[in-house]
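Trainee: Sharing a structure below in structure tokens format, with a few things to ask.
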Amino acid sequence: MNAAHRARRLVAGSWSRREFLVFGWFPFFRSRHIHLAGARFRILRNGRSKRRYLLIHGNEETARIVLTRFMETQPGIAYRIETRTRNIQVNSLEIDPNRMFSRAGAEASLKSLNTNWAPQQVAAALRTLDHGREHLVRALLPPAGGLIIAVHNNSEEYSVADEVPISDATSLREPANPHAFFLCTERADFLILSRSPYNVVLQQEKPERDDGSLSRLAARRGARYVNLEVRLGNADRQLEMLRWANQNLP
Ligand SMILES: [Zn+2]
4 MNAAHRARRL VAGSWSRREF LVFGWFPFFR SRHIHLAGAR FRILRNGRSK
54 RRYLLIHGNE ETARIVLTRF METQPGIAYR IETRTRNIQV NSLEIDPNRM
104 FSRAGAEASL KSLNTNWAPQ QVAAALRTLD HGREHLVRAL LPPAGGLIIA
154 VHNNSEEYSV ADEVPISDAT SLREPANPHA FFLCTERADF LILSRSPYNV
204 VLQQEKPERD DGSLSRLAAR RGARYVNLEV RLGNADRQLE MLRWANQNLP
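Residue 4 is where the sequence shown starts when you use my numbering, and the numbers rise one by one after that.
If you want it as structure tokens, here you go:
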């Protein structure tokens, strides 16, 4: 079925004539992808909602499955990275995509992940990121009153214990399971999440060092952001926590 057929069917079906006149052809030309350097995201839309969801690390397969299943029934827009590796390419160099949201964070990531980097290579990669960053950021950050939830998976090396010392507040209801936790940037969200049976930390204050992650950018811009970390492989638990947050947060 081509776009014209689809349009006629929608006009005849759920769309009123007025809605069609207001929105015109716009929905049919909305992009299904957005990218910054080698970080290419598939855009999954379901209905109309101020919820945004993000999978940014391509090797976090449990989070990918959970988010994809969740979006089949829940309204919002999800951005799901298409690469299957943790790091992505920018020009000829590798970078952690969750370090590209500030110039300082990107520079540190480029220098640590590429052993033989040359200064002009790093400078070119930073220029590429500077050029495209705001376009992606505007898409990812939710509209006023909205919320973005990023889904991540971890392994032995990372847990809530790493975040506790740099957090403004913590609620560790499940200390025996440090790999499952929420990280949020708004105190009101923290207060709600701390009534869940799960671990949660608040990082609201601007940190001294900007690591280039999306959570730091969201905190700086006053956007509501929640990170959901669950150990790789634990899909049932990640879906359970994602649903809890979605149902209980405004
Ligand atoms: Zn991750």
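Ideal Cβ placement from N, Cα and C applies to all residues, glycine included.
Please identify the residue among D165, D214, F73, R136 whose C-alpha is closest to the C-alpha of Q241.
Mentor: Answer by Cα proximity: F73.
Trainee: Would you kindly report the start and end of the unbroken alpha helix (DSSP H) that includes G108?
Mentor: Note, G108: alpha helix (DSSP H), 106-116.
Trainee: Should I59 be counted as a contact of ligand 1 given a C-beta to heavy atom distance under 8 Å?
Mentor: Yes, ligand 1 has a heavy atom inside 8 Å of this Cβ.
Trainee: If we count the other Cβ atoms within 10 Å of its Cβ and call it buried at 16 or more, is G215 buried or exposed?
Mentor: Buried, because 16 or more other Cβ atoms sit within 10 Å of the Cβ of G215.
Trainee: Cβ-heavy atom distance between H182 and ligand 3 below 8 Å?
Mentor: Ligands present in the displayed structure are limited to ligand 1, and ligand 3 is not among them.
Trainee: Do you know offhand how far Y228's Cα is from G50's?
Mentor: Approximately 21 Å, taken between the alpha carbons.
Trainee: One question on the structure: do I80 and A42 come within less than 9 Å of each other, judged by their Cβ atoms?
Mentor: The answer is no: Cβ separation not under 9 Å.
Trainee: Where does S174 sit, in a helix, a strand or coil, going by DSSP?
Mentor: Looking at S174 - three-state DSSP - the assignment turns out to be strand.
Trainee: Closer than 6 Å by C-beta to A142: which residues in its own chain qualify, once you throw out the five before and the five after it? Chain order, please.
Mentor: Excluding residues within five positions, the ones whose Cβ falls inside 6 Å are I37.
Trainee: N230 and H155 look like a contact to me (Cβ under 8 Å); what is the Cβ gap, rounded to whole Å?
Mentor: About 6 Å separates the two Cβ atoms, so the contact holds.
Trainee: Beta-carbon within less than 8 Å of S218's beta-carbon, same chain only, minus the 5 sequence neighbours each way: which residues are those?
Mentor: So the list reads A153, L186, T188, Q206, Y228, N230, once near-sequence residues are dropped.
Trainee: Determine, using beta-carbon pairs with one atom in the region 101-109 and one in the region 127-139, whether at least three such pairs fall under 8 Å.
Mentor: Contact between the region 101-109 and the region 127-139 is present, because at least three Cβ pairs lie under 8 Å.
Trainee: If contacts are defined as beta-carbon pairs under 8 Å, then D171 and E208 qualify, I think. What distance do you get, rounded to the angstrom?
Mentor: Right, their Cβ atoms sit about 6 Å apart.
Trainee: Below 8 Å on the Cβ atoms is my guess for E232 versus F184; work out the distance and round it to an integer in Å.
Mentor: Right, their Cβ atoms sit about 5 Å apart.
Trainee: With a threshold of 7 Å on Cβ separation, who are the neighbours of A66 within its own chain once the five nearest residues in sequence on each side are excluded?
Mentor: Excluding residues within five positions, the ones whose Cβ falls inside 7 Å are L58, V154, H155, N156, Q241.
Trainee: Could you tell me which whole beta strand (DSSP E) segments of length 3 or greater appear in the region 191-239?
Mentor: You should have 202-205, 228-234.
Trainee: Measuring alpha carbon to alpha carbon, tell me which of L252, P181, N117, N62 ends up nearest T88.
Mentor: Selected option, being the one with the closest Cα: N62.
Trainee: When you compare only the Cα positions, how much space is there between F104 and V125?
Mentor: Cα to Cα, the separation comes out at about 15 Å.
Trainee: Looking at the structure shown, is H138 part of a helix, part of a strand, or coil, going by DSSP?
Mentor: Correct three-state label for H138: helix.
Trainee: With H, G and I counted as helix, E and B as strand and the rest as coil, what does DSSP make of E97?
Mentor: In the structure shown, E97 sits in a strand (DSSP, three-state: E or B).
Trainee: Do R35 and L150 count as a contact pair if the criterion is CB distance below 9 Å?
Mentor: Not in contact: L150 and R35 (Cβ atoms no closer than 9 Å).
Trainee: Look at S197 and S162 and say whether their C-beta atoms are less than 9 Å apart.
Mentor: No, the Cβ-Cβ distance between S197 and S162 is not below 9 Å.
Trainee: Taking the CB atoms as reference points, tell me whether A82 and R45 lie closer together than 9 Å.
Mentor: Checking the sequence, you will find Tyr at residue 82 rather than Ala. Going by C-beta atoms, Y82 is nearer than 9 Å to R45.
Trainee: For the beta strand (DSSP E) that contains V154, what are its first and last residues?
Mentor: Where V154 is concerned, the enclosing beta strand (DSSP E) stretches over 150-157.
Trainee: How long is the line joining the alpha carbons of N101 and H60, rounded to whole angstroms?
Mentor: Cα-Cα distance, rounded: 8 Å.
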